[in-house]
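Q: Structure below; questions to follow.
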Amino acid sequence: MTQRYSYAVDKRYLPLLVPLGFRASKDGVTLTDDASFLATFGFLKLATPLSNVTGAHITRGYRWWTAFGIRGSMVDDGLTLGTNHEAGVCIHFAEKVPSSIRRSGHSALTVTVADLDGLTSALGGDDVKPPTASTD
């Protein structure tokens, strides 16, 4: 059965998200019946087979100025699709997943969905990181 995970949106960030094409009612993470992973965030889409997902864990305590929008990591090839600065799910991939941001791909993706535990569990992750500030 297809599962959809909507973003937890801090409404203060909406004026910055809307120009990116973000639609709170349509964007999110979808795990499909045909074993695919799809994350959408406005004009950006990231898709890969679920078999490419190697783990997932919850991260918390982002800096507010790095928590929203579409952004690549300054320390690795990770990608963040952020809508709040409270918490998200970091998803790891066996093979890098390309995007329009980085054609060579991303080995990890952080998404700030509303159902953190649900997405983490659906992806087979149970490694919940302690609430520390992110370095991204």
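Under my numbering, think of the first position of the sequence shown as 2, with each following residue one higher. Every residue gets a Cβ at the ideal spot worked out from N, C-alpha and C, and that includes glycine. Since the structure is predicted, the reported quantities are computational estimates derived from the model, not experimental observations.
1) Under 7 Å Cβ to Cβ from A123, same chain only, skipping five residues before and after it: list those, please.
2) Could you check the C-alpha separation between N85 and S26 for me, to the nearest Å?
3) Alpha carbons only, please: which of L47, G89, A40, P20 is nearest the one belonging to R104?
4) Name the DSSP beta bridge partners of T60, please?
5) Enumerate in chain order the residues of its own chain whose CB-to-CB distance from T136 is below 8 Å, with the five nearest sequence positions on each side excluded.
6) Decide if G119 is buried, meaning its Cβ has at least 16 other Cβ atoms within 10 Å, or exposed.
A: If we stick to the structure as given:
1) Q4, L32.
2) One C-alpha to the other measures close to 16 Å.
3) L47
4) G89
5) With a pLDDT of 43 at T136, under the threshold of 50, the modelled position of that residue is not reliable, and no figure is offered here.
6) It is exposed - the Cβ of G119 has fewer than 16 other Cβ atoms within 10 Å.
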